[in-house]
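When you line the sequence shown up against our numbering, it's residues 346 to 393, in that order. Beta carbons: idealized from backbone N, C-alpha and C, even for Gly. A short worksheet on the structure shown next.
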Amino acid sequence: MIGKTRVMLYAEDVEILSRFFIEKLGATISETIDLPEACQSTIVTISS
């Protein structure tokens, strides 16, 4: 059994990566943070 785990992925297109996690793995977006230099941090939650 895996407990709470955090994985950081760096992508040029956060929207496409987020959509993959939502559509293929059933994730939900729990938080979106705008960062400097037009970057963005999106936190997705995957539950079993």
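query, result
"In terms of residue numbering, what span does the alpha helix (DSSP H) encompassing serine 363 cover?", "359-370"
"Can you name the start and end residues of the beta strand (DSSP E) that leucine 380 belongs to?", "373-380"
"Kindly give me the distance between the Cβ atoms of isoleucine 391 and phenylalanine 366, rounded to whole angstroms, as I take these residues to be in contact under 8 Å.", "7 Å"
"In whole angstroms, give me the CA-to-CA distance for arginine 364 and tyrosine 355.", "15 Å"
"Need the endpoints of the beta strand (DSSP E) that threonine 390 sits in, please.", "384-390"
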